[in-house]
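>
Residue numbers (my numbering): 76 to 276.
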């Protein structure tokens with residue numbers, strides 16, 4: 076059994092990254108971790124959300140998911156982030172949350188957190204890798220330990236073979252193109268495995 080505490084922190088407009096977060100939760104729990112699934116605060120005005128049916132429906136469906144706070148970062152031994160791509164970068168909602176963690180960073184409370192990341196975009200080369208790397212850049216400043224999946228299991232190839240973190244293409248119908256569930260669960264278990272090693276030393 077693991078004694079790792081994992082925070083899965085996501086932003087999702089229509090539900091894709093929420094689904095990735097839930098799969099990460101399942102994988103981490105299978106590895107024995109204690110898990111919190113948390114969303115970052117929404118920045119878009121309600122009028123904009125209301126103008127897009129899928130966005131409005133997702134916000135309503137996840138209204139009971141707690142919003143992440145600095146306390147959750149401090150609590151966690153490991154962090155998995157999931158965010159859609161916005162012009163090759165993480166979504167503004169995710170970036171805004173990270174940008175407000177200066178107090179934790181300044182007091183050394185982000186050091187040696189084990190982190191991993193996932194992303195989505197509307198086409199296979201829509202910036203998923205760049206998005207994950209942009210998040211990892213912030214994590215390097217945090218003094219965190221990056222747990223990329225690499226090519227540590229064959230399920231990663233079936234999911235598209237992204238060594239930086241699981242990524243998925245979302246078609247115009249709003250459905251995931253690649254089958255990434257197994258890859259997400261493997262990534263979560265690998266994150267817990269590495270966090271266990273860090274905690275035991």
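C-beta: ideal position from N, C-alpha, C; glycine also.
Do the stretch 124-140 and the stretch 87-96 meet, that is, are 3 or more Cβ pairs less than 8 Å apart?
yes
> Skipping 5 residues on each side, what residues in its chain have a beta carbon closer than 6 Å to that of residue 108?
Here residue 108 is taken as the residue at index 33 of the chain shown, counted from 1. Excluding residues within five positions, the ones whose Cβ falls inside 6 Å are 77, 79, 81, 267.
> If you follow the alpha helix (DSSP H) that residue 85 is in, where does it begin and where does it stop?
Position 10 of the chain shown, counted from the start, is the residue given in the question as residue 85. Residue range 80-85 is occupied by the beta strand (DSSP E) that includes residue 85, with no alpha helix (DSSP H) assigned at that position.
> Which runs of the alpha helix (DSSP H) spanning at least 4 residues fall entirely within the stretch 185-247, listed in chain order?
203-217, 230-233
> Of the choices 186, 240, 200, 232, whose alpha-carbon is the least far from that of residue 208?
The count along the chain shown starts at 1 and reaches residue 208 at position 133. Nearest of 186, 240, 200, 232 to residue 208, Cα basis: 240.
> If you scan the stretch 86-145 from start to end, which runs of the alpha helix (DSSP H) of 4 or more residues do you find wholly inside it?
The stretch 86-145 contains these whole alpha helix (DSSP H) runs: 91-105, 121-125, 128-136.
> Between the C-alpha atoms of residue 147 and residue 113, what's the straight-line distance to the nearest angstrom?
Taking the first residue of the chain shown as position 1, residue 147 is located at position 72. Taking the first residue of the chain shown as position 1, residue 113 is located at position 38. Those two C-alpha atoms are separated by around 9 Å.
> Say the cut is 6 Å; is the CB of residue 266 nearer than that to a heavy atom of the ligand GTP?
In the structure shown, the ligand GTP is absent, as is every other ligand, since no ligand is present at all.
> Just to confirm, are residue 115 and residue 168 a CB contact at a threshold of 7 Å?
Residue numbering aside, residue 115 sits at position 40 when the chain shown is read from its first letter. Residue numbering aside, residue 168 sits at position 93 when the chain shown is read from its first letter. Contact: yes.
> Which term fits residue 186, buried or exposed, when burial requires 16 or more other beta carbons within 10 angstroms of its beta carbon?
Position 111 of the chain shown holds residue 186. Exposed, by the Cβ-count rule.
> In this structure, how does DSSP classify residue 153 when only helix, strand and coil are distinguished?
Here residue 153 corresponds to residue number 78 of the chain shown, with the count starting at 1. Strand.
> Shortest alpha-carbon distance to residue 178 belongs to which of 202, 204, 145, 153?
Within the chain shown, numbered from 1, the residue matching residue 178 stands at position 103. Residue 145 is the option with its Cα nearest to residue 178.
> Are the CB atoms of residue 270 and residue 152 nearer to each other than 7 Å?
Translated into positions along the chain shown, residue 270 becomes position 195. Translated into positions along the chain shown, residue 152 becomes position 77. Result yes, Cβ atoms of residue 270 and residue 152 sit closer than 7 Å.
> Quick check on DSSP: helix, strand or coil for residue 271?
Working through the chain shown from its first residue, we reach residue 271 at position 196. Helix, per DSSP.
> For a test of the three-state rule: what should DSSP assign to residue 175, helix, strand or coil?
Counting from one through the chain shown, the residue named residue 175 turns up at place 100. Reduced to three states, the DSSP call for residue 175 is coil.
> For residue 198, collect the residues of the same chain with a Cβ closer than 8 Å to its Cβ; drop the 5 residues on either side in sequence, then sort them by chain order.
For this step, residue 198 is matched to residue 123 along the chain shown. 244, listed in sequence order.
> Tell me whether residue 231 is buried or exposed, calling it buried when 16 or more other Cβ atoms sit within 10 Å of its Cβ.
In the chain shown, the residue the question calls residue 231 occupies position 156. Buried.
> Leaving aside the five residues before and after residue 201 along the sequence, list all residues of the same chain whose C-beta is less than 6 Å from its C-beta, in chain order.
Residue mapping note: residue 201 aligns to position 126 of the chain shown, counting from 1. Result list for residue 201: 160, in chain order.
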